[in-house]
Structures are given as C-alpha cells and as structure tokens.
Amino acid sequence: MKRRSGARYDAAPTRPCEGSHDRRRAGPRTRPAHRGRRAGPPAHDEPPGAAERSVLVLRGAGRAFCAGYDLEEDAGAGPMDSAAWYRELEGSADRMLELVDHPKPVIAQVHSYCLAGGTDLMLACDLCVCSHDAFFGYPDIRFGSGVVTMLLPWVVGARKAKELLFTGEDRIPAEEALRIGLVNRVVPAAELDDATMALAKEIAKNEPFVVRATKRAINRVWELSGMREGVAANVEIDVMIESANLPQRDEFRRITQEQGLKAAIAWRDARFRDRGA
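Mapped onto the working numbering, the consecutive letters of the sequence shown carry residue numbers 450 to 726.
See the structure below:
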C-alpha cells in the first residue's frame, strides 16, 4: 500500500491497480498550489509494480466518491485577480485531462456523492461503475460558480448538459445517470467492488497494447471534434465568472465564514425550494 498526494493506491499482481480518494471533497476552489494537487491522484503517478497492469480503478475511500472542491477553504481564502484565477483554473483542467490522457483505461468506482469537481473527476475517467445509492450533479451555479472542466457535453450531449448546468441539478440518481449515458453500470452497493473489478478484469483479458491504442483512437475522435479547445475556452469563461462580483456567491461565502458550510448549503437549498425548483 502506498499513500501519496491524497491518493491511496492498492496494487497486487492478480488485479488491476486501484487509486482512492481519502477525502469527501476534492480540494479548494482557490489556492492554485492546492487545487491542482488535490483534485485527484496524479494520472501517471503509479505505485511500484503497476507498470504491468492494464487497467486502473479510481474509487472514494470515505463516505462518498467525491463531493466537490472544498468550499470552506474557498470562503476563507482572500480575493484573487483574473490572472490568478486563470492559473488556478487552467491547472485544474490540466489535472483532469491527465486522466483523460492516461495511456491505460481508468474506471471510476462511485458510491454516494459525486458532485461538481467530483463529477469532473468521474467524467475524466474512461468508464464508470456506480452503486444504486450514488447521485451526481453540478450545483456550482447555485452558489455563483462555474464548471471547471467542461467535459459534460462530450458525454451526455449539449442539450442535456445545458439542462443540468443551467438548473444546477445535484440529485441525479444512479438509474437516471445510466439512462443519459453519464455512467456505464449501476449495481447494488454491496456488489460495487466486485462489479468494478469484474469489468476491469474483463478489459485486462485483452491485449494491453490494443486496448491502449483503442483508447487513443476514441480520444482522438473527441479531440478532432474540438474537445480540448472547448475545455480551454471554458477555462477563460470560468475566469470571468469567478472574477465577477456576484451577490449570491458573496452571500454564500459570508454565511460559510460566519456559520459554516452546512448553514450556507441550507441557505442555498432553501432559495430553490422557495422558488418551487
């Protein structure tokens, strides 16, 4: 077992390599040195002996896969100018793309919360197996923030992505996630480990070189369609969002600082209940 940069890797000769988040939140939305480092395990940072493994599994080691970036640290951080935000957001997007670019298939094993930055992390993986108790979403807009890594339209299509992002939906159940193509398989929670490993082993039966080449070919289709340009353009737009003076975000941060994150989320959710949303 090896622990490094907030990730835990488990490697054994008879099974694929696994990496685990040991936090519910991926990291702060501010502080560039933290966010890029803690948004997920380094895509090419594998434990000794993992080179011969053909599939990687990324899973949450705590109560959830990942509930997003650390909003408490965000609220406590000082203001950032647009140049600092650009460095911050570009670094985070690049970090997610490391998973996309990893030469081996990466499977996200998701239980419970998978929200905001956690959904970014899941989408950067090649495949996703989740438990029935999992739910997904991007609540960022509900507290005045933007999406960091705009991969969602490339997975579920532009129209569905607009619906989810415009509303800030954060309770997409596992079965709905399966229906819209957000995940690949949904299984009972008690079977999640076995089901994920079964998929990994099924992939690992194939010639590793061909599997890696096939991943490159599929990713190339994305790239020729403009995926990387879209991610880069989103970073520029997100800089505009995060640099703007927005009353909703200021109030969310004020409540977080004075009363804690739980109170801020309750304030946010009450606003949408009052609107009948």
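Beta carbons are placed, not taken as given, at the ideal position from N, Cα and C, and that holds for glycine. Note that the structure is predicted; figures quoted are calculated from it, not measured.
Contact under 7 Å by Cβ, residue i with residue j
i, j, result
"residue 583", "residue 542", "no"
"residue 528", "residue 664", "no"
"residue 569", "residue 597", "yes"
"residue 690", "residue 595", "yes"
"residue 701", "residue 592", "yes"
"residue 601", "residue 610", "yes"
"residue 559", "residue 571", "yes"
"residue 653", "residue 504", "yes"
"residue 513", "residue 561", "yes"
"residue 613", "residue 557", "no"
"residue 548", "residue 515", "no"
"residue 670", "residue 631", "no"
"residue 587", "residue 688", "no"
"residue 576", "residue 633", "yes"
"residue 552", "residue 661", "yes"
"residue 635", "residue 627", "yes"
Continuous alpha helix (DSSP H) stretch holding residue i: start and end
i, result
"residue 540", "531-550"
"residue 677", "676-692"
"residue 666", "657-673"
"residue 628", "623-628"
"residue 614", "607-616"
"residue 695", "From DSSP, residue 695 is part of no alpha helix (DSSP H); its letter is neither H nor E."
"residue 646", "641-653"
Reference residue i; option with closest CA among the options
i, options, result
"residue 517", "589, 510, 544 and 502", "589"
"residue 686", "538, 709, 510 and 627", "538"
"residue 727", "566, 548 and 603", "In the structure displayed, the chain extends from 450 to 726; residue 727 sits before or after that span and is not available."
"residue 531", "699, 711, 717 and 693", "693"
"residue 578", "667, 680, 681 and 509", "509"
"residue 616", "502, 718 and 511", "718"
"residue 608", "621, 625 and 629", "629"
"residue 667", "550, 533 and 502", "550"
"residue 681", "540, 712 and 502", "540"
"residue 502", "533, 656, 566 and 567", "656"
"residue 697", "683, 533 and 720", "720"
Endpoints, the beta strand (DSSP E) within which residue i is located
i, result
"residue 559", "555-559"
"residue 508", "505-509"
"residue 804", "As shown, the chain starts at 450 and ends at 726. That puts residue 804 outside it, with no answer to give."
"residue 635", "634-636"
"residue 576", "576-580"
"residue 564", "562-564"
Inter-stretch contact (C-beta, 8 Å, three-pair minimum) for the stretch 649-669 and the stretch 632-640: no
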